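In my numbering, the protein residues as written are 56 to 809.
Below you can see the structure in the form of structure tokens.
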């Protein structure tokens, strides 16, 4: 997963998405610019007599929800509702004042571009308030009237913003170090440090210093629709200007950004500690099915363990056990005492908790001051309290985001794809008749009727027991440093020249992760992105290695799109789905990088089917998350218990409609298991887009030798943060679509060549 911080020019957009982004996990997702605050402000001189649209409401939102009543609710939920919603007695300039200022400037500077002057003044006036001071004096001092002044201003802002963003990013990384990196004991203070967000007040500071207003005065705002319609004809400089201005189209108070960051950090800490010691998770008859020392984080490691069990003789029983664990987590029926405590045995079928025999307890078990108690009391609705905390925090940004007044709207605005189009892509996968055909092949390959756990079946996977792969990766990578030392070889095997491989390896740091893993980008040339994956005491197991290769894909994109892009304001990719897509390209080659390549026609057919099945799997969870957040906005006063009931209901209804016809099972809640929802909400649909984009890109490089693959990867990453369809057309010649995957899956199921 990608913990991507956004450039400083996007700091104001922290409310567009949760401030944290994994191969199963997260920092802020790369954001597309927000829509213009006022359509008339973004146009040349249209509507000169129209009133600029205010960003903040005239009065506080009286309907803002109160924190959950549950005493165990995360603190961020309470803190969020104390943040100010608006400044009611701080009016903006009147229409007459704005019109008079524009007329005076045109008269005084007839040689200047009148439309550009009018547009800039209106963009500033839309967010200017009485407390900001003398608007006319500011405009007179900061308006760049000729091209030379305009070019000098752009160059200064781009260079300065890179440094400001880059160093803020490094401060944030340092503050989260103890929580993110497993290089020592986790201290109580680490959770507090992780809640500090150097970006929280940055946007507010830039408005107070009027830097943001200088940007709005001189560079054009644009809407997502305008960028989609006109972006193909823009120069790279125009795209960079659009990204610069788009960061300041709203004025969100620092308290709101801080509340969002705190809620996200608390959810992330909860997830990072949500481990289950599988030797103490018993089978239906009380059997110990898993080896001693196996500690799995939810949901990522549980899911990956389930996938790995297809090659085991007793794999089906293991899978059914994991499914019961997942169900108990989603419904919050899991006993609180068994979370990350190997001193207790737990039977998820009966929900019985007993003291583990002393000789079964791992030596590396977490130290606990209190003795273990076989308490079967369920975990309170903590999972859903974290979701509520995120919701309440995000709602605080709603009044300041008139163009995208809900977290849902901002998520799609960040992706720069409308919700209708994204939902259509989701349904194209879920409703495809190919699902039944693919399921029939899975059933033939397994030799049994399908069950809910087969949601995570891997075509072509499971041929090698994971224990065998674990032995290989642990021997090769006993530490994170060993993986770092092997980067030049890995990158060379992927097709990069020795010089390019050395350059990339020198610009990537590798750290052992407390969580499942993530990639944390750099945002300043001179800094390095960080690759994090879990390394157990015995070395990096195959799960950790698979995650590491995925994160390496993120990191390589991050190096190219920062160090080799022409404008640092364009560093990154159009949205999170694109970096996920590029990471999937690396991840698909993980076994080949271990010296186990399989490149025959059957392998290629299975690769296509696996891409289709994996995309279908995550699509259901993405749809559930979108529907849960829509329910939250319809029920803003909901309690954690009510949210739990709604989530379980939505997950089960979605399963019954799209999954039960082929995987069977009644009242199945598995689609609610993804941990992203607890710290980086409204992220999952990006994985679906990532699968579709990755497949289009993979098809584009299909049959290419390694060197061509590496060159194409570099070219795609260097396009930077332009529009999604424009990026895709540059990479593959076609816009984002589900059709390439569906067509290839159809051919693979029929046995015909693509």
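Glycine included, each C-beta is placed from N, C-alpha and C at the ideal position.
All values reported here derive from a predicted model rather than from experimental measurement.
Item                                                                                                                                                                        : Value
Mapping the DSSP letters down to three states, classify residue 594 as helix, strand or coil.                                                                               : strand
Relative to the C-alpha of residue 774, which residue among 310, 331 and 621 is closest?                                                                                    : 621
May I ask you to report which of helix, strand or coil DSSP gives residue 748?                                                                                              : helix
Could you give the residue range of the beta strand (DSSP E) that holds residue 587?                                                                                        : 585-588
Residue 352 to residue 360, Cα distance in whole Å?                                                                                                                         : 10 Å
Once DSSP output is grouped into helix, strand and coil, what is the label at residue 572?                                                                                  : strand
From residue 372 to residue 546, what does the alpha carbon distance come to, in whole angstroms?                                                                           : 39 Å
Using a Cβ-Cβ cutoff of less than 7 Å, which residues in the same chain neighbour residue 593 once the five nearest sequence positions on both sides are dropped?           : 529
Do three or more CB pairs link the segment 719-729 to the segment 401-413 at distances below 8 Å?                                                                           : no
Tell me which same chain residues have a C-beta within less than 6 Å of the C-beta of residue 715, skipping the five on either side of it?                                  : none
Please confirm if residue 789 has its CB atom under 7 Å from at least one CB of chain B.                                                                                    : The question asks about chain B, but that chain is absent: this structure has only one protein chain.
Which stretch, first to last residue, makes up the beta strand (DSSP E) that contains residue 330?                                                                          : 330-332
Going along the chain, which residues of its own chain have a beta-carbon closer than 6 Å to the beta-carbon of residue 345, five neighbours each way excluded?             : 333 and 334
On the criterion of 16 or more Cβ atoms from any shown chain inside 10 Å, does residue 805 qualify as buried, or is it exposed?                                             : exposed
Using a 10 Å radius around the Cβ and a threshold of 16 neighbouring Cβ atoms, would you call residue 566 buried or exposed?                                                : buried
When the Cα of residue 515 is compared with those of 523, 313, 497 and 526, which residue comes out closest?                                                                : 497
So what does residue 400 bridge to, in DSSP terms?                                                                                                                          : 409
Can you tell me the Cα-Cα spacing of residue 797 and residue 663, whole angstroms?                                                                                          : 9 Å
Which residues does DSSP list as the beta-bridge partners of residue 673?                                                                                                   : According to DSSP, residue 673 bridges with nothing at all.
Give me the DSSP bridge partner(s) of residue 350.                                                                                                                          : 332
Please report the distance separating the alpha-carbon of residue 218 from that of residue 579.                                                                             : 6 Å
Can you give the Cα-Cα distance for residue 186 and residue 145, rounded to whole angstroms?                                                                                : 7 Å
Shortest alpha-carbon distance to residue 673 belongs to which of 389, 481 and 231?                                                                                         : 481
Looking only at its own chain, which residues have a Cβ that is under 6 Å from the Cβ of residue 271, when we skip the five neighbours before and after it?                 : 178, 179 and 303
Which of helix, strand or coil does DSSP assign to residue 260?                                                                                                             : helix
Going by C-alpha distance, which of 450, 412 and 383 is nearest residue 837?                                                                                                : Residue 837 lies beyond the range of the chain shown here (56 to 809); nothing can be said about it.
Give the DSSP bridge partners of residue 582, in chain order.                                                                                                               : 580
Helix, strand or coil for residue 231 per DSSP?                                                                                                                             : coil
For residue 759, is the classification buried or exposed, using 16 other Cβ atoms within 10 angstroms of its Cβ as the cut-off for buried?                                  : exposed
Closer than 6 Å to a non-hydrogen atom of the ligand ADP - does that hold for the CB of residue 652?                                                                        : Questions concerning the ligand ADP fall outside what the structure shown contains, since it holds no ligand whatsoever.
Look at residue 602 and residue 572 and say whether their C-beta atoms are less than 7 Å apart.                                                                             : yes
Terminal residues of the continuous beta strand (DSSP E) containing residue 565?                                                                                            : 564-567
Measuring CB to CB, does residue 624 end up less than 7 Å from residue 299?                                                                                                 : yes
Do you know whose CA, among 787, 792 and 782, lies nearest residue 291's CA?                                                                                                : 782
For residue 117, collect the residues of the same chain with a Cβ closer than 6 Å to its Cβ; drop the 5 residues on either side in sequence, then sort them by chain order. : A caution first: residue 117 carries a pLDDT of 31, below 50, which makes its placement in the model too unreliable to give a value.
If residue 403 and residue 336 are in contact, beta carbons under 8 Å, what's the gap, nearest whole angstrom?                                                              : 6 Å
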